[in-house]
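K.L.:
In the order they appear, the protein sequences are chains H and S. Numbered as in this note's numbering, the first sequence ends at 282 without a single skipped number. Numbered as in this note's numbering, the second sequence ends at 170 without a single skipped number. We put the CB at the ideal spot given by N, CA and C, even for glycine. This is the structure, below, for whatever I ask next.
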Amino acid sequence: MLAACVTTAPPEHRLAHPALEHAHLAVSWIGHATMLVQIDDRFVLTDPVLVDTIGGGVSHRKVGVPVDPNDLPPLDAVLISHMHFDHLSLDSLEKIEPKVRRAYMPEGGLVYLTNFRFDAVDLARWETVDDRGMQITAVPVRHVGGRYMLDTWMHAFTGYVVRYHGVSVYFSGDTAYARDDFREAARRFGPFDLALLPIAPIHPRAVMESVHMDPTEALAAFGDLGARRMIPMHFDTFVDSFDAPHEARDTLMRLVRARGLEARVTVLGIGERAVLE
Amino acid sequence: MRVGPILAALLLPAVAHASAEKPYDPHPPPTLYWMLAQLVPSPELGFGGVAPAAGLRWQLTPLLYSFGMYRKLSPWRTFVVEPLTRQSGSVELFVSPEYLTAKSDEWIVRAGVHATFPILARGEKVAFTIGAGGCFGAESSAEIEAGFSLFFGALGLFVSYAPRLTLAPATAMLRFRWF
Chain H
6 MLAACVTTAP PEHRLAHPAL EHAHLAVSWI GHATMLVQID DRFVLTDPVL VDTIGGGVSH
66 RKVGVPVDPN DLPPLDAVLI SHMHFDHLSL DSLEKIEPKV RRAYMPEGGL VYLTNFRFDA
126 VDLARWETVD DRGMQITAVP VRHVGGRYML DTWMHAFTGY VVRYHGVSVY FSGDTAYARD
186 DFREAARRFG PFDLALLPIA PIHPRAVMES VHMDPTEALA AFGDLGARRM IPMHFDTFVD
246 SFDAPHEARD TLMRLVRARG LEARVTVLGI GERAVLE
Chain S
-8 MRVGPILAAL LLPAVAHASA EKPYDPHPPP TLYWMLAQLV PSPELGFGGV APAAGLRWQL
52 TPLLYSFGMY RKLSPWRTFV VEPLTRQSGS VELFVSPEYL TAKSDEWIVR AGVHATFPIL
112 ARGEKVAFTI GAGGCFGAES SAEIEAGFSL FFGALGLFVS YAPRLTLAPA TAMLRFRWF
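Next comes the structure, spelled out in structure tokens:
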């Protein structure tokens, strides 16, 4: 198995206390597309993957999980962007099940969830749910649905916009570059305080281009969204491409420096936190 | 003549189950890919007969009730069953056409009930299945089955025992199943 060929390095940073007492907007990167977003007293976890292997052991983490699931705060919302094994991890959901108040899934996605104790809803594109003052909206992106290859009828993939206490956060999940979708999301819900955008896998580009943004496209999406800040994700966590080690991160940082965006693009390490406001 | 009302009675709960919150809940369609996947047989070996036997088995699910899927969705499926809907916990009627060959060749049909229980990762990694039913062909027999399946049910090892099936009362099957 591939899993046997990869060793998991310990994370450079550990999130011993993921919840901050006073933070208007803070983000911790747990790896891949798993982000813990704190907006005042609310906690949102995106695409939770808190295990070392996914897909029945086929893909292995390169860097370990930086947080003990027991240390996570009560989660007001868990956002699942789509059904692929690196985004919907049933093992991981089991680890945090008692902490989850509600999970949000793209339309049709509930059939992949199984009967967890927490509440779960699926959202159609542009559908908004108001959860005690926090609005969560499913926004269109460009990717693929399904989980088991033959479920070609399934188109359960989405991005999300989370708005609470005047803060607006955009989380794309996996997406190819989709200018019209990004601009429409910005027109409806912008300006965003923060965009969480994927920057990998890059190669092979002919295959990835239709489903994944590379760093250049991610910065273009950042511009289309009109967001004030960007934090990249979906890189350096799993073996999932032909990318060289740190290629996506290094490419993004080079582009960021060349364009003078250092103050607006924050590249986190796995387990690292940014307090943005 | 009575099949229609019986089927209607079986399927009515699927309609009645519609949630107040109305999640998106269509029954999965029988696509061309799904149909092709159903043609892939599972190889098996037979034991305990007059000679070692080999065979191929196909699997159909006329009706399944999932007790492991998310509670807002209809738990009923006919023929097309998503892997997790089965693996997370389910009871199903099964029909398995089977070709067995030893000193003679024989087509038989196994039919009965399977119950599947999740073991690891909600059944997506490992699930256990137990079942009972009958074999029908030139010979008929009651039978019992049990097995483990991995990788969302795509790969499994199943054994069955049908004491009156003289060609191969016991079988071990490497089950390939995709939906």
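For the alpha helix (DSSP H) containing H:Val261, name the first residue and the last one.
P.N.:
252 to 264
K.L.:
Apart from the five residues on each side of it in sequence, which residues of its chain come closer than 8 Å, Cβ to Cβ, to H:Lys67?
P.N.:
Val11, Thr13, Ala14, Asp241, Thr242, Phe243, Val244
K.L.:
So, does the CB of S:Arg62 fall closer than 8 Å to a CB anywhere in chain H?
P.N.:
It does: the Cβ of S:Arg62 has a partner Cβ on chain H nearer than 8 Å.
K.L.:
Should H:Asp127 go down as buried or exposed, given a rule of 16 or more other Cβ atoms within 10 Å for buried?
P.N.:
buried
K.L.:
If H:Asp136 and H:Ser173 are in contact, beta carbons under 8 Å, what's the gap, nearest whole angstrom?
P.N.:
So it is not a contact: roughly 15 Å between Cβ atoms.
K.L.:
So, does the CB of H:Asp156 fall closer than 8 Å to a CB anywhere in chain S?
P.N.:
yes
K.L.:
Less than 8 Å between C-beta atoms, sequence neighbours within five positions excluded: which residues of the same chain meet that for H:Arg233?
P.N.:
Residues Pro196, Phe197, Asp198, Leu199, Arg269 of the same chain have their beta carbon placed closer than 8 Å to that of H:Arg233, with the five preceding and five following residues left out of the count.
K.L.:
Between which two residues does the alpha helix (DSSP H) carrying H:Ile101 extend?
P.N.:
95 to 101
K.L.:
I need the DSSP call for S:Ala123, collapsed to helix, strand or coil.
P.N.:
strand
K.L.:
Out of S:Ala145, S:Ser140, S:Ser57, S:Leu141, point me to the one whose CA is closest to H:Leu155's CA.
P.N.:
Checking every option, the nearest Cα to that of H:Leu155 belongs to S:Ala145.
K.L.:
Establish whether the CB of S:Phe70 and some CB of chain H are separated by less than 8 Å.
P.N.:
By this cut-off, S:Phe70 is not an interface position.
K.L.:
Tell me whether the beta-carbon of H:Asp186 lies closer than 8 Å to the beta-carbon of H:Arg147.
P.N.:
yes
K.L.:
Would you please verify whether the beta carbon of S:Pro14 is less than 8 Å from any beta carbon of chain H?
P.N.:
yes
K.L.:
Have a look at the DSSP bridge pairing and note the partners of H:Gln43.
P.N.:
Partner(s): H:Ala31, H:Phe48.
K.L.:
Could you tell me the distance, in whole angstroms, from the CA atom of H:Arg106 to the CA atom of H:Phe123?
P.N.:
Distance between the alpha carbons of H:Arg106 and H:Phe123 is about 6 Å.
K.L.:
Please classify H:His22 as buried or exposed, where buried requires at least 16 other C-beta atoms within 10 Å of its C-beta.
P.N.:
exposed
K.L.:
Of all the residues that make up the region 79 to 97 of chain H, which are near chain S by a beta-carbon distance shorter than 8 Å?
P.N.:
Leu95, Asp96
K.L.:
Pick helix, strand or coil for H:Ala226, following the three-state DSSP scheme.
P.N.:
helix
K.L.:
Which residue's Cα is closest to the Cα of S:Pro66: H:Ala143, H:Val116, H:Met235?
P.N.:
H:Val116
K.L.:
Provide the residue span of the alpha helix (DSSP H) that contains H:Arg184, from first to last.
P.N.:
184 to 194
K.L.:
Please list, in chain order, all residues of the same chain as H:Thr58 whose beta carbon is under 8 Å from its beta carbon, the five residues on each side excluded.
P.N.:
The residues Ala8, Ser64, His65, Arg66, in chain order, have a CB closer than 8 Å to that of H:Thr58 in the same chain once the five nearest residues on each side in sequence are set aside.
K.L.:
Tell me whether H:Asp76 sits in a helix, a strand or coil according to DSSP, three-state version.
P.N.:
Note: H:Asp76 maps to helix in three-state DSSP.
K.L.:
Rounded to whole angstroms, what's the CA-CA distance from H:Val54 to S:Leu158? Just pull it up for me.
P.N.:
49 Å
K.L.:
Give the DSSP-derived three-state secondary structure of S:Tyr61 in the structure shown.
P.N.:
coil
K.L.:
S:Ser33: buried (16+ other C-beta within 10 angstroms of its C-beta) or exposed?
P.N.:
buried
K.L.:
Do you know how far the Cα of H:Tyr153 is from the Cα of H:Pro203?
P.N.:
23 Å
K.L.:
Cα-Cα, which of H:Gly69, H:Met110, H:Ile207 is closest to H:Ser86?
P.N.:
Minimum Cα distance to H:Ser86 is reached at H:Met110.
K.L.:
How far does the alpha helix (DSSP H) with S:Gln29 in it reach, from first residue to last?
P.N.:
23 to 29
K.L.:
Which same chain residues, not among the five before or five after H:Asp76, have their C-beta less than 8 Å away from its C-beta?
P.N.:
These residues qualify, in order along the chain: Leu20, Ala21, His22, Pro23.
K.L.:
Can you check which of these residues, S:Leu165, S:Pro43, S:Gly80, S:Leu47, is closest to S:Met60 by C-alpha distance?
P.N.:
S:Gly80
K.L.:
H:Thr133: which of H:Val149, H:Val166, H:Phe162 sits nearest, CA to CA?
P.N.:
H:Val166
K.L.:
Measure from the alpha carbon of H:Gly60 to the alpha carbon of each residue in S:Val86, S:Leu111, S:Ala106, S:Trp98, then state which is nearest.
P.N.:
Nearest to H:Gly60 by alpha-carbon distance, out of S:Val86, S:Leu111, S:Ala106, S:Trp98, is S:Leu111.
K.L.:
I'd like to know if the region 12 to 23 of chain S and the region 135 to 155 of chain S are in contact, where contact means that at least 3 CB-CB pairs between them fall below 8 Å.
P.N.:
no
K.L.:
Between H:Leu93, H:Leu84, H:Ile44, H:Thr39, which lies nearest to H:Val72 when the distance is taken from Cα to Cα?
P.N.:
H:Thr39
K.L.:
How is S:Arg48 classed by DSSP in three states: helix, strand or coil?
P.N.:
strand
K.L.:
Taking 8 Å as the CB-CB cut-off, is H:Ala9 touching chain S?
P.N.:
Its pLDDT being 49, under 50, H:Ala9 is placed unreliably by the model, and the measurement read from it follows with that caveat. No, H:Ala9 does not count as interfacial toward chain S.
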